[in-house]
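One line per chain: the protein sequences are A and B, in this order.
Per the numbering used here, residue 1 is the first one in the first sequence, and the count goes up by one each step.
Per the numbering used here, residue 496 is the first one in the second sequence, and the count goes up by one each step.
We treat Cβ as the ideally placed atom computed from N, Cα and C, and that holds for glycine.
2 protein chains.
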Amino acid sequence: MTYYQKLEQHTKKLSRIHHLSAICSWDQAAKMPEGGNTARSEAMAELALIHHELSTAAHLAEWFEKAEAESLSAEQKISLKEMKRQWKKDNVLPAELVEQKSLTGSKCEHAWRSQRKENNWHEFSQNLEKVVQLAREEAQIRADATGLSRYNAMLDLYEPGMTCEKIDEIFGQVKTWLPSLIQEVQAQQSHDEVLTPKGPFPAEQQKTLSLDIMSKLGFDFSHGRLDVSTHPFCGGVPTDVRITTRYDEDDFTSALMGVIHETGHARYEQGLPEQWLDFPVGQARSMGIHESQSLFFEMQLSRSKPFIEILAPLAREVFSRNNDKSLSTENMVLFSTRVKPGYIRVDADEVTYPAHIILRYEIERDLIEGKIEVADIPELWDKKMTEYLGLSTKGNFTDGCMQDIHWTDGSFGYFPSYTLGAMYAAQFMAAMRREMNVDNLIRERNLQPIFNWLDRHIWKKASFLSTEDILREATGETLNPDYFKEHLVNRYLES
Amino acid sequence: MTYYQKLEQHTKKLSRIHHLSAICSWDQAAKMPEGGNTARSEAMAELALIHHELSTAAHLAEWFEKAEAESLSAEQKISLKEMKRQWKKDNVLPAELVEQKSLTGSKCEHAWRSQRKENNWHEFSQNLEKVVQLAREEAQIRADATGLSRYNAMLDLYEPGMTCEKIDEIFGQVKTWLPSLIQEVQAQQSHDEVLTPKGPFPAEQQKTLSLDIMSKLGFDFSHGRLDVSTHPFCGGVPTDVRITTRYDEDDFTSALMGVIHETGHARYEQGLPEQWLDFPVGQARSMGIHESQSLFFEMQLSRSKPFIEILAPLAREVFSRNNDKSLSTENMVLFSTRVKPGYIRVDADEVTYPAHIILRYEIERDLIEGKIEVADIPELWDKKMTEYLGLSTKGNFTDGCMQDIHWTDGSFGYFPSYTLGAMYAAQFMAAMRREMNVDNLIRERNLQPIFNWLDRHIWKKASFLSTEDILREATGETLNPDYFKEHLVNRYLES
Ligand SMILES: [Zn+2]
Ligand SMILES: [Zn+2]
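Put into structure tokens, the structure is as follows:
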């Protein structure tokens, strides 16, 4: 057996352990009764330990060295490179730091649940300082290992190849036009009369609608399921993708748009190249590309007028509301593209969302690089919210810097993926429109050419190409935020 | 750390791996979409391998030896003994034999699916011969390791301490009265006019009824769930018990009685002593005792007249059939206690079921001991079916010796557990009746004292006592099949 083959065997083993861990995590969120949690968490930790021991085995360094000297096909070379990238990521942090991060993050998040309600920044910030301290240690170790700056080393975990220099430039551009665009859109929309659909919308009927839409969007039910959980997610494994939603009987659009979003994630997973699924090279390229697929489905596709022409009648039918004017296509278009600055990121619309991300990016970048401290966050938050969205969060920590919990598990570097994803999605759609009349295809209920394009240019590419090369191959250029601006202007100003 | 503590830590690790395997097995049967199966099976096999490697580690022999010399509490001594029993069971078979068994069994079962339909004994028997050959090898190895006879060594896996000498005596007694009892019951029942409830009984309503009964029977939904699968089972782990059923819209009683049966298994699991759950001593004593709990719930409790007085009105209500005479208490009592010899074991009633088990026991015992060969089975099957139940299976392999698939996975020695369980259940009920008026408690809807008795005498005993000692402690004597006879006579002849 060659060393490359040994590494493949080893990686397959890790992939299988990950499979069981993914299914049990899904179960924990979607099916497990409360009383099962303690034993389950212990069992999951044991499996994580087994995974860790295998993935950090001492002999692997030699295997990689020897495999690199072997004669390999072009695909195998890329696969080996991705296995090695994964191995390095898994091996660079000392075990104590991983444990410290996990404990400190859990403690911070647990306390946050009541501290947020009490608007108690003072106590929360003490925990967050420890989280940031550990995140800086992690960033330093990753920086030393990669030769990148501290924050860039963190970014590289979620969007390999991306740097804060590039993001600064891109987000810097967005900042020049976004605040005024938001104001213009609001001024224009102030003349619209929009009806808010009024519940109750029974969960069972929402589920029927969700399953129908998933199937129209090509979700493969022989390789996946839809279930319910408190926090919607896309989990499982590519051969068995588990997406979840939560039905709000007062507002069916939240579950519906959520399901469409997760279906985008799911189709990417289901579309990955079958023969490489056990290997890093066969997995999703990055968090940004993942989000580009969910946002392509949710924003580019499903909030478009031609698609709402499909959605609205289905909703009227499933809820037996043929004469409900709030469910007319015209009103649903207005309702689905309503723009309104708000404090809470996860409730934000497509136009204001990037403002939330830019704010978080600028703060976390400077936190990790040591240019600011935790104590500086509230003032910065208030200043940026005011500047980007015209909303002050002075003294309001609950709806300000205490609303998100992403940082407590040390995921610094993750936030930009959301807006990078939105930009990739707009750029993909623009390229697709050059090749086919997307709106007509939707009107003809012929979505297959759209999915085929994504499958060919993104899903089947998995991690064989870098993010930049995926963009270049699919759209003819690297990331160009103009497409995103163009999309927003077209959808929100010229309708 | 003492060696006993090391063994506890090791055993906990095995228990946690088992936890994930149990949840993923449940998922595979109850939730997994078809397309997930290949990757899932590979992942499960990987976890089984990890479990096997851990449980057969070379250093364990020394650990056990040293732990046995340590100063231990009485409970720890029993726990150590049970850990060792488990370790020996896991270690005695050579890896190739385990693999051979698995491959040969899968092949035999897979071919059986079509061979059974085609009544093709000739080809099936060739596969079965290989299965029996491997089972004999296994039995010989286990016999050498335990000093028991070959079949007794297999029995010991499912009902530790049980021997074919004891079973021969007990089943021998049953054979003296069962065939004539069956005839008497049939003669007496021939005068009854019984209505068969006619469907459709919608699955949703059956589910509502099932959940209601489970909760009346004390199933703890914070530590378990009810779902649907093709073959009903009780799975999961004691802190999170997953039972399943299958709804037949033509016959609600099959799912209902199935759910009650699995609830009996589940309550045993949920009632095991919390602080010992990770260790063999904290687990169910035996398959026979496990079945005694499911049959206590299903047969002793739920087919009793006072319980049907609860069930029947609930059924009428949930199906909105207040005037359906087939759902009257009187008719439900007759319907639930109908006795009719048939070919198929899994469809058999309480009275004829033991005949099916005795037949299988006598054949598998002689097969394993080498007194008969596979080629002898059809003739023996026909002879015994005719003798015990008055039904000939000559030339009818499909409904004769090809109906069951238990033997293909090498589970020789398992069949007696079913009837031993029925006997234990009857003996437990008789003892309970000496302490409390069970029928009155049921009529008063006060089942708690019944559950408390089972909890105290069986569930909390886990594997701290042998099966014999559980019986002795709970009922004052060892297995006495007279209670089972008495139960059948009381229920089926003197009503
Ligand atoms: Zn997403
Ligand atoms: Zn059972």
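| Asked | Found |
| --- | --- |
| Helix, strand or coil at B/T551 [DSSP, three-state] | coil |
| B/G719 - containing beta strand (DSSP E), residue span | 719–723 |
| Distance cut-off 6 Å: B/E594 Cβ against heavy atoms of ligand 1 | no |
| Through-space distance from A/L226 to A/L211, alpha-carbon basis | 8 Å |
| Nearest-angstrom Cβ-Cβ length linking B/Y653 and B/S781, presumed shorter than 8 Å | 6 Å |
| Residues with C-beta closer than 6 Å to any heavy atom of ligand 2, in chain order | B/H756, B/H760, B/E786, B/S789 |
| Distance between beta carbons of A/E138 and A/L93, contact taken as under 8 Å | 6 Å |
| Cutoff 7 Å: A/R16 Cβ touching any chain B Cβ | yes |
| Among B/T914, B/L942, B/W948, B/S912, the one whose alpha carbon lies nearest that of B/R929 | B/W948 |
| A/R113 burial status per 10 Å Cβ neighbour count (16 or more: buried) | exposed |
| Proximity to A/I310 [Cα-Cα], best of A/R321, A/S326, A/H290, A/M332 | A/M332 |
| Per-residue burial, A/S71 [other beta carbons within 10 Å of its own, 16 or more giving buried] | exposed |
| Short CB-CB distance (under 7 Å) between B/T734 and chain A | yes |
| Unbroken alpha helix (DSSP H) run spanning B/D735, endpoints | It is not in any alpha helix (DSSP H) - B/D735 instead sits in the beta strand (DSSP E) that spans 735–740. |
| Three-state secondary structure assigned by DSSP to B/V689 | coil |
| First through last residue of the beta strand (DSSP E) which encompasses A/V237 | 234–237 |
| Through-space distance from B/I965 to B/P768, alpha-carbon basis | 15 Å |
| Three-state class that DSSP yields for B/K889 in the structure shown | coil |
| Minimum length 4: unbroken alpha helix (DSSP H) runs contained in the region 114–195 of chain A | 121–146, 150–158, 164–189 |
| The region 219–240 of chain A: positions lying closer than 9 Å to chain B by Cβ | D220, F221, S222, H223, G224, R225, D227, G236, V237, P238, T239, D240 |
| Whole-angstrom distance between A/K340 and A/F397, CA atom to CA atom | 20 Å |
| Proximity of A/I260 and A/F297 at Cβ, strictly below 7 Å | yes |
| Environment of A/L47 [buried if 16+ CB atoms lie within 10 Å] | buried |
| Helix, strand or coil at B/Q778 [DSSP, three-state] | coil |
| N- and C-terminal bounds of the alpha helix (DSSP H) containing B/C519 | 498–525 |
| Contact the region 435–454 of chain A vs the region 374–389 of chain A: 3+ CB pairs below 8 Å | no |
| Residue-chain proximity (B/G530, chain A), Cβ-Cβ < 7 Å | yes |
| Residues near A/H500 by beta carbon distance below 8 Å, same chain, minus five either side | Within the shown structure, residues of chain A are numbered from 1 to 495, placing residue 500 of chain A beyond reach of any answer. |
| Within chain A, partners of B/D707 - CB distance below 9 Å | Neighbours of B/D707 on chain A: none; closest Cβ ~17 Å, over 9 Å. |
| Residue nearest to A/V318 in terms of C-alpha spacing, selected from A/N490, A/K460, A/Q205, A/E99 | A/Q205 |
| Beta-carbon proximity check, A/Y418 vs A/E291, cutoff 7 Å | yes |
| Run of the alpha helix (DSSP H) containing B/H851, from where it starts to where it stops | 848–863 |
| 7 Å Cβ cutoff, B/L712 in contact with chain E | No chain E is present in this structure, whose protein chains are A and B. |
| Endpoints, alpha helix (DSSP H) assigned at B/A569 | 569–586 |
| Residue-chain proximity (A/A43, chain B), Cβ-Cβ < 7 Å | yes |
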